[in-house]
Amino acid sequence: MARKRKWRYRVGGTLVIVSSLIFGLQSCYHKINHTVSTAPSISQQLGIGGTNSSSVSSSSSSNSSSTGTNDSVTLSNLNYVSGESAIVEVNNNQSTLDPNSWKTNKVIYSNLDSFNRTSSPNTGYLEKRNVANDSLRVRQTVKPTGWHSGMKNRTQVYNRGHLIAYSVSKGISINGNYDPSLQSGDQNNLKNLFTQTAFSNQELQTIYEQKVRDALRANKKVIYQAQAIFRGNELMARGVHLQAISTDGSLNFNVYIFNVQSGYQFDYATGSSKVDRSMTVPKPPSAPHFNN
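Going left to right, the sequence shown walks through residues 1 to 292 as the UniProt record's numbering numbers them.
Here's what the structure looks like:
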């Protein structure tokens, strides 16, 4: 039985009895808490405890293509939760690529799938000479699946996201071979572009592209793989899976980045978007300034 407390106050000679039911207050408290979203956190979706970090395991393999395929099934089923980190560590942030497979400077551009999507991984075997001069960039004009106008309400929402970054693909031909006569990085290559949010591209993926550039400038040989992750037959990727390893092991990462942006919800089946001010995507401390 709930306890009843009474407080008595005299105001202007009038007796006022104020009653408060503790049970009632507790009931109100529970009702308020019940309104909080019960959507499972990313950690819960992955079946791990804790809320400070997210991780998903993958079996180690020297075959980079099969590693990407195995990971894509799990990753494509993850749902981003507003307010949580948009970066998920895969395999405890350890690459499953084989550093001994670096033989010659090239990029393997996978063929588009039956929906014209870049759903298979692209893998670069890179070295210092592949660091490109940014001034040679040209405007991207191709339209990957799920593409919509880059601007929405005067805000940059969509980018044509590179899998193997322009900045680390100098001299690589559209066929993936090194050609010393080519001075720019990869551009307007449908096998290497996907519809990506401006935030995912400029704030998140660039963190890991910078790690690759730094390793190349330090004269490391690097294997770098990127795969756009699609769910079912959707035309816009749910995210991008990035991993890299240098032949000496000094560079080593393996992450999945959600294709999301604060203030917007996306229909991944078509790539269309709508304003949603409740959607928040935190920026990591290591992210560059986002000019939006």
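Ideal Cβ placement from N, Cα and C applies to all residues, glycine included.
Can at least three beta-carbon pairs, one atom from the segment 202–222 and one from the segment 178–185, be found at a separation below 8 Å?
-> no
Distance, Cα to Cα, K152 vs P144?
-> 18 Å
Which two residues bound the contiguous beta strand (DSSP E) that contains Y264?
-> Here the beta strand (DSSP E) through Y264 covers 264–267.
Leaving out the 5 sequence neighbours to the left and right, which residues in its chain are closer than 7 Å to I164 when beta-carbon positions are compared?
-> V107, N122, G124, D186, N192, Y224, A226
On the three-state DSSP scale, how would you describe F230?
-> coil
Per-residue DSSP class, three states only, for Y109 | coil
Between the beta-carbon of G150 and the beta-carbon of L235, is there less than 7 Å?
-> no
Please go through the same chain and pick out, in chain order, the residues whose beta-carbon is closer than 7 Å to the beta-carbon of R217, but skip the five residues on each side of it.
-> K128, V131
Can you list, in chain order, the stretches of the beta strand (DSSP E) that have 3 or more residues and sit fully within the segment 111–189?
-> 122–126, 158–162
Beta-carbon separation of H162 and G271 under 7 Å?
-> no
Supposed close pair A237, F194 - CB separation, criterion 8 Å = 5 Å
Leaving out five residues before and five after P99 in sequence, what residues of the same chain have Cβ atoms less than 6 Å from its Cβ?
-> I245, T247
What is the DSSP secondary structure of S286, reduced to helix, strand or coil?
-> DSSP places S286 in coil when its eight states are reduced to three.
Under the rule that 16 or more other beta-carbon atoms within 10 Å means buried, what is V275, buried or exposed?
-> exposed
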